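Position 356 of the first sequence, counting from 1, maps to 356 under full-length UniProt numbering, and the rest follow consecutively.
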Amino acid sequence: MSDSETGFGKGCHLHLIDGSAYIFRAYHALPPLTRKSDGLPVGAVAGFCNMLWRYLGENGNSSDAPTHAAVIFDYSSKTFRNDIYDLYKANRPELPEDLRPQFPLTRDATRAFNLSCIEVQDYEADDIIATLARQAREAGGRVTIISSDKDLMQLVGGGVEMLDAMKNKRIGIDEVIEKFGVAPDRVVDVQALAGDSVDNIPGAPGIGVKTAALLINEYGDLDSLLARAEEIKQPKRRQTLIDHADQIRMSRRLVLLDENTPLDFTLNDLEVRDPDPTALVDFLNQMEFRTLTRRVADRFGTEAPALPDPAPATAPSQDSTPDMPEFSAAQYDCVRDLDTLNIWIDRIRERGYVAVDTETTSLDEMRAELVGISLCVDAGHAAYIPLAHRAGGDDLFGASALLDGQIPLEQALRALQPVLEDPAILKIGQNMKYDAKIFANLGVTVTPIDDTMLLSYALHGGLHGHGMDQLSDRYLNHQPIPIKSLLGSGKSAITFDMVGIDDATRYAAEDADITLRLWQMFKPRLHAAQVTRVYETLDRPLVPVLAQMERHGVKVDRDVLSRMSNAFAQKMAALESEIHELAGESFNVGSPKQLGEILFDKMSLQGGKKGKTGAYATGADVLEDLAAEGHDLPARVLDWRQLSKLKSTYTDALQDHIHPDTGRVHTSYVITGAVTGRLASTDPNLQNIPIRSEEGRRIRTAFVADQGNKLVALDYSQIELRILAHIAGIDSLKSAFRDGHDIHAMTASEMFGVPLDQMTPDVRRQAKAINFGVIYGISGFGLARNLRIPRAQAQAFIDTYFQRFPGIRAYMDDTVEFAKKHGRVETLFGRRIHTPEINTKGPGAGFAKRAAINAPIQGTAADIIRRAMVRLPDALAGLPARMLMQVHDELVFEVPEDSVDETINRVRAVMEAAAEPLVRLDVPLVVDAGIGDNWAQAH
DNA sequence: GGTCTCACG
DNA sequence: GACGTACGTGAGACCG
């Protein structure tokens, strides 16, 4: 070796890269990528190149940059160790078929990066590394071995260090001692005793690393130990060492690296050279690695060569299900280090899209903690990144300790953030609003997105639900792992952070895999189903809008609710004793069954009707009838029920929903919650806060504006009737709306021939009921019940109505006809609502008809407010107004006092013009506004 | 878990 | 001619 002043020596720094380890890691971490032009498998080469590129980037400008470097490979799987022990590494799985042809390409890649590429027949890469490390050490230089292979740890010390590139962790003497319990020079002794199942090194049966280290530390080294084996106290251990001494010695020969591998070059030949940009770009281009080629070309300022156009990102064809691998053959990786994560990130960038799923500790996004993230870019190959899994409960202290082998959450997040926020990379999820909120909590804005739940909603609204399990079963014929199987259910249920990482990987990666497959299937179908616009303008854009509303929440005054709860409790107690007295016995007023028996059996009141379950009906309508006949008990029960409802559902339950940190209530809107296009609000439902009764309405006073702010509520006036007038083309209704007339009074006047100036409240009330009935698909029975009039009279009203407004009848008939023919109806904006029951016979037929009649009206109104909501963030830009709630035809905002007027002006303008320009309604949309310190005032 | 009841638009 | 029915939701309580 050259010790001359010009050659390798003191001050020099040699990097030895374990190339074979790189290749296997790249292969197993990446989907089976092939070269577009000829199908040559190149996935491992791609990963390998990415790693080398990153290696150069990290070391190029570092003050600790290597002066010399080499990439070392295994020549073949057969080495001199097979002559020592024919079973050495005999349990290794067969080399994958598509990996072997990539071996020569990785050598080419190394040379293209202008790195020395080294392999020696009959020797392992580890022997070459050992030899070069020894030479460098003896020459007085430093060595960094880039590998995490424990078999190389025997080389550490005397200026030799290892670098675990995955964990970006240096391995020095201390780390080796931590791992093996002995210094590097005794590592082979420990390994010889402990053996190694991966390399099929027998060692001493029953002795592991811990015991081996104990023994070596006690006896000094392996030879001394074996020589003095008789002295070992434990009989079994003593016998093992005596019986297997030869096997142990052989094991040591297997693990001991050969520091004298014959080499036909010197360290001086390994001097670092800059890559030749042209050669490198040429090679990458040949491999057809688009992203990396461009990146390298950019870096060196060379022209990226022209490449043929890639296949479109959305490869699946229009009319056929894309070929997908079987789920049984799917590969789900667990990503435990940054290097592997970066491989996935590169893969995502290469593709331009990725299916993402988060696993958390709660379904409530405001309380949920991120536990892990899964990714998928190719059907059948997904990854799970565990981040916050914790030890199970057995260990007294372990319960809160993070498990090892997880990338620190913050690091993983910062690595993923550029991808999640990259406008050129599509993030695909199932119910992305959930995941987007989880990421938003961590400061990451996920955009742009696609959502398989919303795709299904646009495509299949009315046909079935859009949960992932359901979609997977129906469209992929695959039943995903039930979450219950991991978490259990009921009281003993655990949170996801307590799930083992292996189980979690299978579950979470599968979810991302399923999501990607559903997306590949659904996305190309939007056009054929003519719902692209619905999805892209009405549904998908709502995700960020709702996410922000939900995260912001609405301030709720706990004291107001608490005081009301107490008041309700007192009143209920008084009513309860009164009711028991009237009944002559004590019973559970809240039990419809017991109440029915009291009313109709014990008290023998008339009108007792049993439903299909054999229980008496005791609904409000029944009790009201009885009360009207002068019975006190049902009247008291009605009062009690109202209070009970208000207390349990609102004043009590709402308090539990006040977030401890924000002091606000954060609902969750379900975009696919109603088939018509309406939203649904859950946990809690803020769309059914009382208003009709005076007592209930007071609950709204607990919904307050923050200091210095006002609540502003804007709602569409009569929007569904206006839409009906437009769709059915009723001229008289349209002109009444245009002229701003009282629509119910006008209807009454038309129907009953009463002049407007002589209109009575009662006649108007009846007309109003008819107007609403029409929207719901009117029936004589329903109207009769609603108005409490004889059915014949109700039917007469309806007949008159249809005579006066024949367009309504025509609309209803046409709509049902359309539904029967196409199995669906549509809103003015093209939303399709399927009506699979429309052709069934029997009692269901009436239901389906009325639903079909109602859906285009309710749905069009829902579409309109969706359009307004999507436009509002831009329209309110620069204003401090916050949108808080949506209640079907109403939007509620929180606004600093001095911005109230401007906010109302802008919101009203957006809401009133929300149908345009796509639809020009023949009637104006009118929006009423209210302002207050609380929601009751604002309405 | 199904049924009943009731809160909203 | 009889049969049940207003449309769309979510949640709490009861009960088997």
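Every residue gets a Cβ at the ideal spot worked out from N, C-alpha and C, and that includes glycine. A quick note: this is a predicted structure, and the numbers were derived from the prediction, not measured.
Within 8 Å, strictly: CB atoms of residue i and residue j
{"i": "ALA917", "j": "PRO896", "result": "The sequence given here places Pro at residue 917; Ala does not occur at that position. Cβ distance not < 8 Å, so PRO917 and PRO896 don't count as in contact."}
{"i": "GLU550", "j": "ASN709", "result": "no"}
{"i": "LEU416", "j": "ILE345", "result": "yes"}
{"i": "ALA653", "j": "PRO684", "result": "yes"}
{"i": "residue 940", "j": "GLN570", "result": "What is shown of the chain runs 1 to 939, which leaves residue 940 out entirely."}
{"i": "TYR776", "j": "ARG850", "result": "yes"}
{"i": "ARG142", "j": "GLY157", "result": "no"}
{"i": "VAL281", "j": "VAL296", "result": "yes"}
{"i": "ALA819", "j": "ILE838", "result": "yes"}
{"i": "ILE129", "j": "VAL120", "result": "no"}
{"i": "ASN643", "j": "PRO634", "result": "For clarity, residue 643 is Leu in the given sequence; the question names Asn instead. No, they are not a contact pair."}
{"i": "PHE283", "j": "ALA112", "result": "yes"}
{"i": "ILE904", "j": "LEU714", "result": "yes"}
{"i": "LEU538", "j": "TYR669", "result": "no"}
Span of the beta strand (DSSP E), counted from its first residue to its last, around residue i
{"i": "MET885", "result": "882-886"}
{"i": "HIS834", "result": "832-834"}
{"i": "GLY932", "result": "927-932"}
{"i": "LYS484", "result": "That residue, LYS484, is in no beta strand (DSSP E); its alpha helix (DSSP H) goes 484-487."}
Candidates the options: closest to residue i by CA position
{"i": "VAL825", "options": "LYS841, ILE853, THR800, GLY844", "result": "ILE853"}
{"i": "ALA861", "options": "ALA412, ALA914, ALA401, GLU218", "result": "ALA914"}
{"i": "PHE568", "options": "ARG698, ALA628, ARG533", "result": "ARG698"}
{"i": "ILE719", "options": "GLY696, GLN530, PHE772, LEU292", "result": "PHE772"}
{"i": "SER77", "options": "ASP64, ALA493, GLU94", "result": "GLU94"}
{"i": "VAL919", "options": "MET468, LEU828, ALA508, PHE265", "result": "LEU828"}
{"i": "SER485", "options": "ASN477, LEU476, TYR475, PHE496", "result": "PHE496"}
{"i": "LEU254", "options": "ASP269, GLN154, GLY47, ASP276", "result": "GLN154"}
{"i": "TYR507", "options": "ASP451, GLU288, ALA382, LEU526", "result": "ALA382"}
{"i": "ILE501", "options": "MET885, ALA767, CYS334, SER116", "result": "CYS334"}
{"i": "ILE201", "options": "ASP813, GLN239, GLU230, ARG92", "result": "ARG92"}
{"i": "TYR85", "options": "ILE248, TYR811, GLY830", "result": "ILE248"}
{"i": "ASP933", "options": "ASN786, GLY619, ARG252, ASP557", "result": "ASP557"}
{"i": "THR682", "options": "GLY203, THR667, GLU695", "result": "THR667"}
{"i": "LEU370", "options": "LEU595, GLY11, VAL531, GLY443", "result": "GLY443"}
{"i": "THR361", "options": "TYR434, LEU292, THR293", "result": "TYR434"}
{"i": "LYS33", "options": "ARG336, LEU222, GLU350, ALA529", "result": "What sits at residue 33 in the sequence shown is Leu, not Lys. Selected option, being the one with the closest Cα: GLU350."}
{"i": "ALA728", "options": "PRO856, ILE864, ASP164", "result": "PRO856"}
{"i": "TRP935", "options": "ALA769, ILE743, ASP706", "result": "ASP706"}
{"i": "ASP378", "options": "ARG563, ASN50, LEU638, MET324", "result": "MET324"}
Bridge partners - residue i, DSSP secondary structure assignment
{"i": "ASN441", "result": "Beta-bridge pairing links ASN441 to no other residue."}
{"i": "ASN709", "result": "PRO896"}
{"i": "ARG142", "result": "HIS13"}
{"i": "SER374", "result": "ASP357, TYR384"}
{"i": "MET521", "result": "In DSSP, MET521 forms no bridge with anything."}
{"i": "GLU161", "result": "THR144"}
{"i": "LEU546", "result": "Answer is none; LEU546 lacks a bridge partner."}
{"i": "PRO41", "result": "THR34"}
{"i": "THR682", "result": "SER668"}
{"i": "PHE829", "result": "The partner list for PHE829 (beta bridge, DSSP) is empty, contrary to what the question assumes."}
{"i": "ASP715", "result": "GLU890, ASP928"}
{"i": "GLU271", "result": "HIS68"}
{"i": "ASP450", "result": "ILE428"}
{"i": "PHE703", "result": "VAL556"}
{"i": "LYS169", "result": "ASP164"}
Integer Cβ distance of residue i from residue j, believed to fall under 8 Å
{"i": "GLU576", "j": "VAL589", "result": "6 Å"}
{"i": "residue 1012", "j": "GLY372", "result": "Given a span of 1 to 939 for the chain in the structure shown, any question on residue 1012 remains unanswerable."}
{"i": "LEU375", "j": "VAL356", "result": "6 Å"}
{"i": "LEU193", "j": "ILE207", "result": "5 Å"}
{"i": "GLY47", "j": "ALA26", "result": "3 Å"}
{"i": "TRP53", "j": "LEU292", "result": "6 Å"}
N- and C-terminal bounds of the alpha helix (DSSP H) containing residue i
{"i": "ALA212", "result": "209-219"}
{"i": "SER668", "result": "No alpha helix (DSSP H) contains SER668, which is instead part of the beta strand (DSSP E) from 668-670."}
{"i": "LYS820", "result": "806-822"}
{"i": "TYR27", "result": "19-29"}
{"i": "ILE853", "result": "844-875"}
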